[in-house]
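The next block holds one structure in the form of structure tokens; read it before the comments.
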Amino acid sequence: MSTSGGRLFRDYRMTTGVLAVLLLAVSLVLAWQAERQAGLERSRQINVQAQILAEGVAGALAFDDRSTARELLNALELNDDIQAAGVYGAQGEMIAGYVKQGDPLPRHVRPHPPAIAGLALSVVEPVTQGTLKLGNVYIRATVEPWTRRISRYFGIGAVLVMAALLVAALGASYSSATAANQRLQEEIAAREAVESQLRQAQKMEAIGQLTGSVAHDFNNMLMAASSGLELLEKSADPQRTERLKRGIREALDRGARLTQQLLTFARRAPLHREVFDIRQRLANLSSLLERSLREDVVVEYDLDPALWAVEVDPSQFDVAVVNIAVNARDAMPKGGVIRISARNLDRAINGADAVSIAIADEGGGMTPEQIERAFEPFFTTKGVGRGTGLGLSQVYGFVHGAGGTVAIESRPGMGTTVQILLPRQEHAAPVAEPEPAIAPADDAPVHWRVLLVEDDDAVAEFVEQMLDELGCTVCRQPRAEDALRSFDRAAVDLVLSDMVMPGMYNGLEMARELRRRCSDLPILLMTGYSSAANSATGEGFAVLSKPFTMATLAAQLRELMSSDG
């Protein structure tokens, strides 16, 4: 080998050696940083899971519900990386726990951030409800051994030294990043699955609270109706009989309104967007607000006399206003004034005109942290058993579904104002006109042949009697299949059917088949609740909500027969 060739070889070898050393040093630094970041990320994930578990078991500890605590721990047990978890009461006693491997659960724990001891990472998170401490939760997860991690990184360094190429280093880095990202995605998916199960547990708790209050209201209504019927049987005084009838009717009407509000709350009631005047709507809502608030709470109105019209579902608008007003009432335990104001605002929603409805109270106000979370489902600042945290969430869903916005302005000690912006409707709201006197022809008997399809015998009996009173000839069938087999256009003038029925077809599917056979056949669908009600309305079928009166039934049938010729 020549001197110049040897020198070039030595230079190449030196360059290669220096490059290899540099690449090895870079790989070690990158490995250390990656290890540090992985440790921090691992600690953060375990801490987040402990916080989620603490929030989930707060209700269980508040009500000493050990079974719910165990169910929440069972959800965590699906995560293979968690070795052990436990729930401890306020006095330090263990409520529930499990150990898959490693040391048994500690007898007593104190809150501490994520800490690594040996091959285990543990964290203790306090369980609180406001300022009240209810207990602690403990989670212990696995940590990869140092020897395995060091050997892995040295292996990568050896490859870098052998290759001595920057491309190889970049390729290894890319491969490591891809694997880390995949692991991170898998961990995120596992965490989301646990969070979903915890949210479901919270929903069940809220449903339990809601069920209790609804049962209370319905028992009161049933008591009024049953006692009224008993007294009605024993009464011979015409005036007292009329009073008892009115009382029973009012109890039944309250039950119908409560059911409608529950369906609206659950987003299962058919949506009926209408153009209406907010001033008139709030005036009609004033009596409901008075019954929903306490006697020491006064409602004041400040409404622009020339408000623009809006087009939204009126019942959802009512529920939103009542929800905000009830929150304002609860924020003023010693009473106060709730001010409801409404103004026209130019270019308030993405350059479009809007109507502002602001509801302000004189309560204790909210912190910025509370405002930020106010519209989250199940978030509430009220005590245990005093709220589900769903009111403002429902308001948010309604307003954004209508194309508007909602915001909260508040400071501690300065009260709270909730402002709703709804898009302006260019068409003016229809002017309410006095209902004309019912013409004698409206009370005249009709002679329609009605095919009644209803599987509930009690409901079918009463509806059939209503149709008999109107003068109709009724052919009743309990199922859609029976109705389709007996259908004969020459013998049926219209069809009155329930929507929810057992069998091969429901009411909407039967109506579609009848429309296919006879496109101009009048069809009226009845429903107490059906998720397909919106679809039926969208397809042009008339829908009658249960419960209904004979007058409402007659008006619907007359309108249907008139519109269908």
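Numbering (this note's numbering), first residue to last: 12 to 576. From the three backbone atoms N, C-alpha and C, an ideal C-beta is built for every residue, glycine too. This one's a predicted model, so the numbers in the text were calculated from it and none came from an experiment.
Burial state of ASP468, where buried means 16 or more other Cβ atoms lie within 10 Å: exposed
Beta-carbon proximity list for GLN436, same chain, < 8 Å, skipping 5 on both sides: VAL286, TRP319, ALA320, VAL321, GLU322
Sub-8 Å separation of THR428 and ALA385 beta-carbons: no
Expected contact under 8 Å - CB spacing of TYR109 and ALA96 to nearest Å: 6 Å
Buried versus exposed, by CB contacts within 10 Å (16 or more), ARG527: exposed
Proximity to ASP9 [Cα-Cα], best of GLY347, GLN327, VAL98, ARG257: Lying outside 12 to 576, the shown extent of the chain, residue 9 is not represented and no answer is given.
Nonlocal neighbours in the same chain, by C-beta distance under 6 Å from ASP509, ignoring five residues either side: GLU465, GLY518, MET537
Alpha-carbon to alpha-carbon, GLU52 and LEU116: 24 Å
For MET537, the first and last residue of its enclosing beta strand (DSSP E): 534-538
Pairwise C-alpha distance: LEU555 and GLN567: 8 Å
Top-ranked residue by Cα proximity to VAL138, from ALA65, LEU300, ASP493: ALA65
Cutoff 7 Å; reference VAL406; Cβ partners in own chain excluding five residues on either side: ALA331, ASN334, ILE335, VAL417
Proximity of MET561 and MET477 at Cβ, strictly below 8 Å: yes
Nearest-angstrom beta carbon gap, ILE351 and VAL310 [assumed within contact, 8 Å]: 6 Å
Residue from THR378, ALA152, GLU197 with nearest C-alpha to ARG422: THR378
Alpha carbon of ARG7 to alpha carbon of LEU462, nearest angstrom: Since the displayed the chain opens at 12 and closes at 576, residue 7 lies outside it and no answer follows.
Local conformation of GLU322 per DSSP, three classes: strand
Buried/exposed call for GLU446, threshold 16 Cβ in 10 Å: Bear in mind that the predicted position of GLU446 carries a pLDDT of just 40, short of 50, making it unreliable; the figure below should be weighed with that in mind. So GLU446 ends up on the exposed side.
Neighbour-count burial assignment, ALA71, 16 or more Cβ in a 10 Å radius: buried
Boundaries (first-last residue) of the beta strand (DSSP E) holding ASP479: Not the beta strand (DSSP E): ASP479 falls in the alpha helix (DSSP H), residues 468-481.
Alpha carbon of SER326 to alpha carbon of ILE289, nearest angstrom: 12 Å
DSSP three-state assignment for MET561, whether helix, strand or coil: helix
Nonlocal neighbours in the same chain, by C-beta distance under 6 Å from ARG81, ignoring five residues either side: ALA107
Straight-line gap, GLY398 to ASN355 (C-alpha atoms, nearest Å): For GLY398, the predicted model reports a pLDDT of 49, less than 50, meaning its position is unreliable and no value from the coordinates is stated.
Beta-carbon proximity check, VAL154 vs ILE63, cutoff 8 Å: no
VAL503 and ILE534 closer than 8 Å at C-beta: no
Three-way DSSP call (helix, strand, coil) for HIS411 in this model: helix
ASN192 burial status per 10 Å Cβ neighbour count (16 or more: buried): exposed
Cα-Cα separation, SER574 to GLU480: 22 Å
Every unbroken alpha helix (DSSP H) inside the stretch 63-92 [4 residues or more]: 77-87
Member of GLU301, ALA353, ILE93, LEU145 whose CA lies at the smallest distance from the CA of ASP315: ALA353
TRP43 versus ALA49 - alpha carbon distance: 10 Å
Proximal residues to LYS345 (C-beta, below 6 Å), its chain only, five neighbours per side dropped: none
Inter-residue CB distance, GLY415 and GLY374 (contact presumed, cutoff 8 Å): Not a contact, Cβ separation roughly 24 Å.
Nearest neighbour of ALA514, chosen from ASP531, ARG460, GLU492, LEU132 [CA to CA]: Sequence check: residue 514 is Gly here, not Ala. Closest option to GLY514, Cα to Cα, is GLU492.
Whole-Å CB distance - ASN295 paired with ALA201, under 8 Å assumed: That pair is no contact at about 51 Å.
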